[in-house]
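Residue numbers (this note's numbering), protein chains in the order written: chain A, 23 to 348; chain B, 9 to 409.
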């Protein structure tokens, strides 16, 4: 596959296809992932080409999906499981936290858990309750798990390759509102390490750090700020566990200001950890406290209100203004 | 031999048996207690508490799996149970002496564990709870390895793949799903190994156990669900867990369930062989409810006097699994005083070895906290390990001054 422009969902699909082709131990499991190709069509066509034995429609039981994936991993398989929506992962939370995350340590390193859990997450698509949440901090808080989220098609492709190759469990959060955004994907490009952040736009006045669906927003914010003569740097974190603090630190030592943006609630969100650590690392460089823009400490609202809840251009610009005012 | 005989025989599953005769009676409204009591008539038993072999034709389907058992094998089962009980008693004593932080005794459940454990083949895979010391013994796991987690030096001290015996799982019922997934993998590999998941009556209430039943049935996975119903989930009796005898749950999921006398090592062996053999043949999962009794406390931290009467224990003591096999061995002239005497010496030697190994078990290196958190490493763990090392080194420097 030469470089090709494709939607983010298609990039994940192509990446899964490549994994299924190259490693007979890779399995796809989940609700509706077979004939239907998943509710977002991310697994479209895979069961047709690889069979029901490798692309497995499961009973509607998330704990069962993850629990059996653990057993399959113990048998030497590399399951890639789909949780249909962010808000449906919680029945599996026990298996993920008490078993999947801890099995390697419990076995003193003798057992590996190469399981990828794909979770479409985030809002902005006008969905009903439990279909728009951003629970990434609940997983990043758990030692033993790795948590990543791509922001564009190219990253989605190679990050999935690396997540599947990882011998650790990886929670792979897919920005569902960006599923249809197209980008150039070069399957032959040599990927960088999985958990490294990337400066997607250079700037000198302030750093915006984001991941997943908020990276595109931050790039738009940087465009808008540029019109006002402000130069913003945008860092795509790509990984929430571990966080590439070195890249953020390098950026903040240059810009002296940091705003972290995510859809998840601000309180105890990943931005809180980034703020604390960057404050510690860059105390004498900072001209302003690290600010955060994100969801409120309220249940994700009904669709008609989600635009009020989600960070948007103006809310991020407002935080930029507040930071620059210090 | 039993294998081929079983394959030729027209099969009548225990599940359909339950649905047919006595099971039908129970569908009339009864309390959970009455239903549980009524079903005792269906207990598969091959050796009575008095140590007599039974010849109930209703259980011939299972009995054939031990029909050709030799006196040597019977003595082996007896030895397994005696040594397991001795090990268990030693561990309880070590907890009382402060050498272990906690111990979960299997006292009373030796027959269920040794019978089922000895039914497994080397390539089978076992998923235990935290009380399967007898099964671990059958799998060849050194008993002293089981004690690390109870002493607090690790969270599981053995390589699961060395003996196909998974790590002890403390969260109730989680391992039923792991076993099912593993069995799905066995089937994908085209192997004929069996998988066995252990859990208790309390775990039967967990969603994971029901999900495991369903996944196993849907995918026809070669897994045997072995429920040791020891009557008590810490302080909660069966009546707080279920309104139907547990083995009957299998019917609703579409596979056979059978209740076996869990204090009868022969019956436990036979029924587990039956279940594993049908799993190997591709006939899917089965549920075995081993009806037994937790003679001791839930763990050394528990106080059963707060919730159950001593006379209950006394009634079960009369059904002791080791005693009944001894009676049979003696009456059948399969074992003499020399055998019993030698076994007693062996028991004492085991107790001594366990004591010595535990007392000599060193605390782990403090940096073990950061070991094996991830297989491929993690920047934050590396950073915190370095901080911890610097902090520790600051004391060494202070001492050096």
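C-beta: ideal position from N, C-alpha, C; glycine also.
Here the structure is a predicted model, which means the values were calculated and not measured.
Cβ-Cβ separation between residue 85 of chain A and residue 117 of chain A: approximately 5 Å, consistent with a contact (criterion under 8 Å). Separation of the CB atoms of residue 191 of chain B and residue 144 of chain B is rounded to 20 Å, and the pair is thereby denied contact status at 8 Å. Residue 202 of chain B places its beta carbon less than 8 Å from that of residue 232 of chain B. Cβ atoms of residue 61 of chain B and residue 51 of chain B stay farther apart than 8 Å, at about 15 Å.
If the five residues before and after residue 315 of chain A are omitted, its C-beta is found closer than 6 Å to the C-beta atoms of 283, 333, 337, 338 and 341, all from its own chain and listed in chain order.
Secondary structure at residue 135 of chain A: coil, using DSSP grouped into helix, strand and coil.
When secondary structure is reduced to three states using DSSP, residue 166 of chain A falls in the coil class, being assigned neither helix nor strand. Boundaries of the alpha helix (DSSP H) harbouring residue 240 of chain A: 236-249, taken from the DSSP string.
Secondary structure at residue 240 of chain B: strand, using DSSP grouped into helix, strand and coil. Its Cα nearest to that of residue 102 of chain A, the residue A/49 stands out among A/121, A/90 and A/49.
For the 8 Å CB-CB criterion, residue 154 of chain B and residue 174 of chain B do not form a contact. The C-beta of residue 226 of chain A has fewer than 16 other C-beta atoms within 10 Å across all chains shown, which makes the residue exposed. In this structure, residue 128 of chain A sits away from residue 237 of chain B, with a CB-CB distance that is not shorter than 8 Å. Pairwise C-beta distances place the segment 176-183 of chain B in contact with the segment 202-219 of chain B, as three or more of them are shorter than 8 Å.
A residue is called buried once 16 or more other Cβ atoms fall within 10 Å of its Cβ, and residue 198 of chain A is buried on that count. Under the DSSP assignment, residue 186 of chain A falls in the alpha helix (DSSP H) whose first and last residues are 175-187.
Under a criterion of Cβ atoms nearer than 8 Å, the residues of chain B adjacent to residue 127 of chain A are, in order, 163, 379, 380 and 381. Close partners of residue 166 of chain A in chain B (Cβ separation under 8 Å): 381 and 382.
If you check the CB distance, residue 108 of chain B and residue 159 of chain B come in under 8 Å. The beta carbon of residue 278 of chain A lies closer than 7 Å to those of 307, 308 and 309 in the same chain, with the five residues before and after it left out. For residue 49 of chain A, the enclosing beta strand (DSSP E) covers residues 48-52. By the criterion of at least three beta-carbon pairs nearer than 8 Å, the segment 313-322 of chain B is not in contact with the segment 265-273 of chain B. Exposure of residue 289 of chain A is indicated by the presence of fewer than 16 other C-beta atoms within 10 angstroms of its C-beta. In this chain, the beta strand (DSSP E) harbouring residue 231 of chain A covers 228-232. In the three-state DSSP reduction, residue 284 of chain A falls in the strand class (E or B). In the three-state reduction of the DSSP assignment, residue 312 of chain A falls in the coil class. Taking 8 Å as the threshold, the shortest C-beta distance from residue 311 of chain B to chain A does not fall below it. Taken through DSSP and simplified to helix, strand or coil, residue 327 of chain A comes out as helix. Here the alpha carbons of residue 311 of chain B and residue 332 of chain B stand approximately 28 Å from one another. When C-beta atoms of the segment 134-149 of chain A are compared with those of the segment 244-254 of chain A, fewer than three pairs fall below 8 Å, so the two segments do not count as touching. The shortest CA-to-CA distance from residue 306 of chain B to any of B/316, B/297, B/298 and B/253 is the one to B/316.
Under the Cβ criterion of 8 Å, residue 163 of chain A is not counted among the residues facing chain B.
Between residue 292 of chain A and chain B, the shortest Cβ-Cβ separation is not below 8 Å. DSSP places residue 263 of chain A inside the beta strand (DSSP E), whose first and last residues are 261-263. Taken through DSSP and simplified to helix, strand or coil, residue 103 of chain A comes out as strand. Between the C-alpha atoms of residue 113 of chain B and residue 309 of chain B there is a straight-line separation of about 11 Å.
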